[in-house]
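Have a look at the structure below, then the notes.
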Amino acid sequence: FFVASALVEMYAKHGLFAEATHVFNTFPEQDIVLWSILIARYADLGHGDEALSYFEEMQLKGFSPNAVTYLGGLKACCSIEAIDRGKELHADIVKKGFELDSSIGNALVTLYASHGWLTDAQDVFDNVSARDGVSWTSLLAGYAKHQRLEQASRCLELLQLDGMPVDEFSWSTMILSYAEQGDSEGASVTYARMQEQGTAPSSGTFLSMLKAHGNAAALEMGRRVHAQVHRNT
RNA sequence: GAAUGAG
Numbered sequence: 185f186f187v188a189s190a191l192v193e194m195y196a197k198h199g200l201f202a203e204a205t206h207v208f209n210t211f212p213e214q215d216i217v218l219w220s221i222l223i224a225r226y227a228d229l230g231h232g233d234e235a236l237s238y239f240e241e242m243q244l245k246g247f248s249p250n251a252v253t254y255l256g257g258l259k260a261c262c263s264i265e266a267i268d269r270g271k272e273l274h275a276d277i278v279k280k281g282f283e284l285d286s287s288i289g290n291a292l293v294t295l296y297a298s299h300g301w302l303t304d305a306q307d308v309f310d311n312v313s314a315r316d317g318v319s320w321t322s323l324l325a326g327y328a329k330h331q332r333l334e335q336a337s338r339c340l341e342l343l344q345l346d347g348m349p350v351d352e353f354s355w356s357t358m359i360l361s362y363a364e365q366g367d368s369e370g371a372s373v374t375y376a377r378m379q380e381q382g383t384a385p386s387s388g389t390f391l392s393m394l395k396a397h398g399n400a401a402a403l404e405m406g407r408r409v410h411a412q413v414h415r416n417t
């Protein structure tokens, strides 16, 4: 299994699914890890439908998904916006008691939040036993993506009040949220706070800042054009 | 040996 999983992983990670499934199928027996790898990689590379059909095929063959398998399945649902299927998985997860796993809870928050099911997301979030930075950032990103900048920034505040260290993912997500709203001021203030707290910016942080200022520059340019329009009409 | 969040 050691070598089989390494091979399947290697091919699937590069999108060489024909090779990956060939190794998978010609290996004398498949186990849950091999299935999980395939499902997760398909989901990762935007083949959520294939991932879900492997997820089903696996169960038809008598394998019962474990927590890691569900993470891949949820990611697949998320990538193709299969909320109903996600809710079915959610129900199975609850039935099997995996909802206590914080990674699973976080993946559910991500699924719901990123597609605007904010109440469901908040609901799962509230029931995650051990909230961590990932839980908060998932929720924050969901609120921001659906124009709830207030609630997004509240997530960041509550995360800090929780005494959790705020990592560069949370900061960058918040900065990007401001960027997407055209609020370059908010982005800059957040960036400054990040530095005050001694969190090192990552490349994602810089991308978010560039987006904030790119948008600001574009807006400024738009304003100049607007002024010209008035002068010439 | 497979594991959830921004980009």
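Residue numbers (the working numbering): 185 to 417. Where is the CB? At the ideal position from N, CA and C, for every residue including glycine.
- With contact defined as three or more Cβ pairs closer than 8 Å, the region 339-351 and the region 297-308 are not in contact.
- Between the alpha carbons of Thr374 and Asp367 lies a distance of about 11 Å.
- Counting of Cβ neighbours within 10 angstroms places Asp215 among the exposed residues, the total staying below 16.
- For His231, the secondary structure class from DSSP, reduced to helix, strand or coil, is coil.
- When the five nearest sequence neighbours on each side are left out, the beta carbons in the same chain lying within less than 6 Å of the beta carbon of Thr389 are those of Glu352 and Ser356, in order along the chain.
- Counting the other Cβ atoms within 10 Å of the Cβ of Arg408 gives fewer than 16, which makes it exposed.
- Met393 and His198 have their C-alpha atoms spaced approximately 30 Å apart.
- DSSP places Thr210 inside the alpha helix (DSSP H), whose first and last residues are Phe201 to Thr210.
- Bounds of the alpha helix (DSSP H) holding Gly388 are Ser387 to Arg415.
- Contact check for Trp219 and Tyr238: beta-carbon distance about 7 Å, within the 8 Å limit, so the pair qualifies.
- According to the DSSP assignment, Glu369 belongs to the alpha helix (DSSP H) that extends over Ser368 to Glu380.
- Burial is judged here by how many other beta carbons sit within 10 angstroms of a residue's own beta carbon; Met405 has fewer than 16 and is exposed.
- With a 10 Å radius around the Cβ and a threshold of 16 neighbouring Cβ atoms, Lys259 comes out buried.
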